[in-house]
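Enquirer: Supplied in structure tokens, the structure appears directly below.
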Amino acid sequence: MHDGLGQVTTLPKPRMERSDGYLKLLSFVVSNARKGEIMAIENYSEMVHLMPDTDAKIETVNQAKEECKHILLLEKLAARLDFDVDDTMVEPQWESIRASFHEAVRKKDLPACLIIQDLMVESLAIGLYKVFASAANEDHETTSTAAALLKDELEHLDIGVRRIQAEMRKDPDAVNDALLWAHNRVMPALFEMIHQSCDFLCDTKSLDCTMVEKPSAEIDLELLKITALEHYVAMLEKAAFDPKITNQLIAGMASYEAPGRANVGLDFLRKH
Ligand SMILES: [Fe+2]
Ligand SMILES: [Fe+2]
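Under the working numbering, read the sequence shown as residues 2 to 273, first letter to last.
Rendered as structure tokens:
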């Protein structure tokens, strides 16, 4: 605008108004993301001694350090936007995923560890940060945090694919067996966690997430689930697992949808 003296001045950007419902939704998502990041530190740290050489051990410790940074970034976002990180919003399935990982460590099953943490959990993290980093999101503070985290998680997924390919060259049967075991243990829990998010919010926080006024229609828990599963499926294909096994697993995931529920967009799984 002009100030009357012929000078063009820019007005300071108004502070973005965030609805109470949206802040509650952010609180839920960030509390769970933070829980996932804490689990990632525990998983990576527990996996270090199984890594085959010194370079891989250093790389794994660095991944754990990056997850530490993610926790701090999420906490900073919560403080800046003034919403709570609330452990009562954290979903119980995290514990069962962590327990499955711990069991894989106890069995010294490195491929299963890589599959659970590097591939499955990272796919979920990518789905989550991608939805919040979308260009359509007008909540720029959240977008920039999500974009920074997304960049690291995409690298973690690539590291995972590379590691699995190396294990595959050594012992393909062991890796395919590990996939079957890890998939059946972890994917239903991971899926249930995202699938039931809306019900969880409704039941425990009286928040109808479909009615929340949000800075982008793309901020949607269903879309988050679909994006996470798409990354998981793409990764299964990229990591060169046995297609006979992956096709069967992918087709099976379509049945995770609760019977009687509206179709939640998993048709892409049925083409397998
Ligand atoms: Fe992370
Ligand atoms: Fe990660």
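Every residue, glycine too, gets a C-beta built ideally from N, C-alpha and C.
1. Determine, using beta carbons only, whether Phe-242 and Leu-180 come nearer to each other than 7 angstroms.
2. Roughly how many whole angstroms lie between the Cα atoms of Asn-264 and His-50?
3. Where Lys-206 and Lys-36 are concerned, what is the direct C-alpha to C-alpha distance, given to the nearest angstrom?
4. How would you label Arg-19, buried or exposed, when you count the other beta carbons within 10 angstroms and need 16 or more for buried?
5. Kindly list the residues whose CB is nearer than 7 angstroms to the CB of Ala-41, restricted to its own chain and excluding five residues on each side of it in sequence; keep chain order.
6. Could you check the C-alpha separation between Leu-82 and Asn-177 for me, to the nearest Å?
7. With H, G and I counted as helix, E and B as strand and the rest as coil, what does DSSP make of Pro-53?
8. Can you find a heavy atom of ligand 1 that lies under 6 angstroms from the Cβ of His-141?
9. Quick one: using the 10 Å Cβ neighbour count with 16 as the cut-off for buried, is Met-17 buried or exposed?
10. Is it right to say Glu-47 is buried, meaning 16 or more other beta carbons lie within 10 angstroms of its own, or is it exposed?
11. Determine the contact status of Leu-151 and Ala-167, defining contact as a CB-CB distance below 7 angstroms.
12. Report yes if the CB atom of Ser-101 is closer than 7 angstroms to the CB atom of Arg-164, and no otherwise.
13. Measure the Cβ-Cβ separation of Leu-208 and Gly-161 and say whether it is below 7 angstroms.
14. Are Val-31 and Ala-79 close, meaning C-beta to C-beta below 7 angstroms?
15. If you count every other CB in all the chains shown that lies within 10 Å of the CB of Pro-244, and 16 or more means buried, which is it?
16. Under 6 angstroms: does the beta carbon of His-232 sit that close to some heavy atom of ligand 1?
17. Buried or exposed: Leu-129, going by 16 or more other Cβ atoms within 10 Å of its Cβ?
18. Using a Cβ-Cβ cut-off of 7 angstroms (strictly less than) and excluding sequence neighbours within five positions of Glu-275, which residues of its own chain qualify?
19. Alpha helix (DSSP H) containing Asp-87: first to last residue?
Expert: Working from what's here:
1. yes
2. Because the pLDDT at Asn-264 is just 49, under 50, the model does not fix this residue reliably, and the point stays unresolved.
3. 18 angstroms
4. buried
5. Glu-68, Gln-118 and Val-122
6. 44 angstroms
7. coil
8. no
9. exposed
10. buried
11. no
12. no
13. no
14. yes
15. exposed
16. no
17. buried
18. With the chain represented from 2 up to 273, any question about residue 275 goes unanswered, as that position is not in the structure.
19. Here Asp-87 belongs to no alpha helix (DSSP H), and DSSP marks it neither H nor E.
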